[in-house]
Amino acid sequence: QVQLIESGGGLVQPGESLTLSCVASGMTININSMGWYRQVLGKQRELVASMTRGGAANYASSAKGRFTISRSDDKNTVWLQMNSLQPEDTAIYYCNAVQAWGGGNYWGQGTQVTVSS
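Each residue of the sequence shown is one higher than the one before, starting from -18 at the first, in the working numbering.
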(Lines of atoms letter the chains of each structure in order from A and count residues from 1; the text may use other names and numbers.)
(Lines give C-alpha, C1' and ligand atoms only; values in the text may rest on other atoms or scores of the structure.)
Protein backbone atom coordinates (compact mmCIF):
# COMPACT_ATOMS: atom_id res chain seq x y z
CA GLN A 1 0.00 0.00 0.00
CA VAL A 2 1.01 3.56 -0.72
CA GLN A 3 -0.37 6.62 1.02
CA LEU A 4 -0.26 10.03 -0.67
CA ILE A 5 -0.63 13.33 1.12
CA GLU A 6 -1.01 16.51 -0.93
CA SER A 7 -0.51 20.08 0.17
CA GLY A 8 -0.19 23.52 -1.33
CA GLY A 9 -3.60 24.22 -2.78
CA GLY A 10 -5.39 27.49 -2.23
CA LEU A 11 -6.94 30.60 -3.71
CA VAL A 12 -4.87 32.72 -6.08
CA GLN A 13 -5.56 35.47 -8.58
CA PRO A 14 -5.16 35.02 -12.33
CA GLY A 15 -1.53 35.17 -13.38
CA GLU A 16 -0.20 34.07 -10.02
CA SER A 17 1.72 30.91 -9.16
CA LEU A 18 1.21 27.99 -6.84
CA THR A 19 3.24 24.89 -5.98
CA LEU A 20 1.62 21.62 -5.02
CA SER A 21 3.48 18.95 -3.06
CA CYS A 22 2.73 15.28 -2.58
CA VAL A 23 4.55 12.99 -0.19
CA ALA A 24 4.30 9.24 -0.56
CA SER A 25 4.67 6.75 2.26
CA GLY A 26 4.32 3.02 2.66
CA MET A 27 5.49 0.71 -0.13
CA THR A 28 7.25 3.44 -2.10
CA ILE A 29 10.23 1.40 -3.26
CA ASN A 30 8.57 0.17 -6.43
CA ILE A 31 6.69 3.32 -7.40
CA ASN A 32 7.30 4.02 -11.07
CA SER A 33 5.16 6.93 -12.17
CA MET A 34 4.03 9.83 -9.99
CA GLY A 35 1.89 12.63 -11.22
CA TRP A 36 -0.96 15.06 -10.91
CA TYR A 37 -4.50 14.92 -12.18
CA ARG A 38 -7.31 17.38 -11.76
CA GLN A 39 -11.07 17.20 -11.72
CA VAL A 40 -13.86 19.72 -12.01
CA LEU A 41 -17.27 18.84 -10.63
CA GLY A 42 -19.24 17.02 -13.29
CA LYS A 43 -16.25 16.29 -15.48
CA GLN A 44 -13.80 13.43 -15.77
CA ARG A 45 -10.50 13.47 -13.96
CA GLU A 46 -7.75 14.46 -16.37
CA LEU A 47 -3.99 14.18 -16.42
CA VAL A 48 -2.04 17.36 -15.74
CA ALA A 49 1.49 16.01 -15.61
CA SER A 50 3.34 12.85 -14.69
CA MET A 51 6.93 11.73 -14.33
CA THR A 52 8.53 8.30 -14.35
CA ARG A 53 11.21 7.20 -11.94
CA GLY A 54 13.66 7.73 -14.76
CA GLY A 55 12.66 11.36 -15.07
CA ALA A 56 10.57 11.27 -18.23
CA ALA A 57 7.81 13.87 -17.95
CA ASN A 58 4.46 13.96 -19.68
CA TYR A 59 2.26 17.06 -19.75
CA ALA A 60 -1.28 17.80 -20.80
CA SER A 61 -1.38 20.36 -23.57
CA SER A 62 -3.02 22.83 -21.19
CA ALA A 63 -0.07 22.52 -18.81
CA LYS A 64 2.83 22.73 -21.25
CA GLY A 65 4.84 25.90 -20.85
CA ARG A 66 3.12 26.89 -17.60
CA PHE A 67 3.45 23.93 -15.25
CA THR A 68 6.55 22.00 -14.23
CA ILE A 69 6.57 18.63 -12.54
CA SER A 70 9.52 17.42 -10.49
CA ARG A 71 10.17 14.61 -8.06
CA SER A 72 12.65 13.38 -5.53
CA ASP A 73 12.74 9.65 -4.97
CA ASP A 74 14.94 10.19 -1.92
CA LYS A 75 12.14 12.25 -0.38
CA ASN A 76 9.30 10.26 -1.99
CA THR A 77 7.90 13.58 -3.08
CA VAL A 78 6.50 15.01 -6.29
CA TRP A 79 5.86 18.68 -6.91
CA LEU A 80 3.84 20.63 -9.42
CA GLN A 81 4.93 24.21 -10.00
CA MET A 82 2.06 26.08 -11.62
CA ASN A 83 2.67 29.49 -13.17
CA SER A 84 0.36 31.91 -14.97
CA LEU A 85 -2.68 30.31 -13.42
CA GLN A 86 -6.03 31.02 -15.05
CA PRO A 87 -9.62 30.56 -13.87
CA GLU A 88 -9.92 27.45 -16.04
CA ASP A 89 -7.22 25.83 -13.89
CA THR A 90 -9.64 25.82 -10.97
CA ALA A 91 -10.14 22.21 -9.91
CA ILE A 92 -9.36 19.64 -7.28
CA TYR A 93 -5.84 18.40 -7.91
CA TYR A 94 -5.04 14.79 -7.09
CA CYS A 95 -1.66 13.18 -6.62
CA ASN A 96 -1.23 9.78 -8.27
CA ALA A 97 1.33 7.04 -7.88
CA VAL A 98 1.60 3.88 -9.92
CA GLN A 99 3.67 0.93 -8.81
CA ALA A 100 5.78 -1.04 -11.24
CA TRP A 101 5.38 -4.76 -12.02
CA GLY A 102 1.61 -4.71 -12.03
CA GLY A 103 1.34 -3.09 -8.65
CA GLY A 104 -1.29 -0.70 -7.44
CA ASN A 105 -2.55 2.68 -8.61
CA TYR A 106 -2.95 5.10 -5.73
CA TRP A 107 -4.59 8.48 -5.21
CA GLY A 108 -4.30 11.25 -2.68
CA GLN A 109 -7.28 12.91 -1.09
CA GLY A 110 -7.07 15.93 -3.37
CA THR A 111 -6.30 19.60 -2.82
CA GLN A 112 -8.44 22.46 -4.06
CA VAL A 113 -6.94 25.07 -6.37
CA THR A 114 -9.09 28.10 -7.06
CA VAL A 115 -8.06 30.84 -9.46
CA SER A 116 -10.29 33.88 -9.17
CA SER A 117 -10.06 37.65 -9.07
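All C-beta atoms, glycine included, are put in the ideal place defined by N, C-alpha and C.
- Per DSSP, the continuous beta strand (DSSP E) segment holding residue -12 begins and ends at -17 to -12.
- The segment 9 to 23 and the segment 47 to 57 touch, with three or more beta-carbon pairs separated by less than 8 Å.
- If you look at residue -8, you'll find it in the beta strand (DSSP E) that goes -9 to -7.
- With respect to the 7 Å criterion, residue 84 and residue 75 are not classified as neighbours on the basis of their beta carbons.
- If you compare the alpha carbons of 67, 35, 27 with that of residue -2, the shortest gap goes to 67.
- Beta-bridge pairing by DSSP links residue 79 to 14, 86.
- For residue 52, the beta-bridge partners assigned by DSSP are 59.
- Our two residues, residue 44 and residue 30, have alpha carbons roughly 7 Å apart in a direct line.
- Closest in C-alpha terms to residue 62, from the list 82, 40, 79, comes 40.
- In the structure shown, the three-state DSSP call for residue 27 is strand.
- Your pair residue -6 and residue 65 does not check out as a contact, with CB atoms roughly 11 Å apart and the cut at 8 Å.
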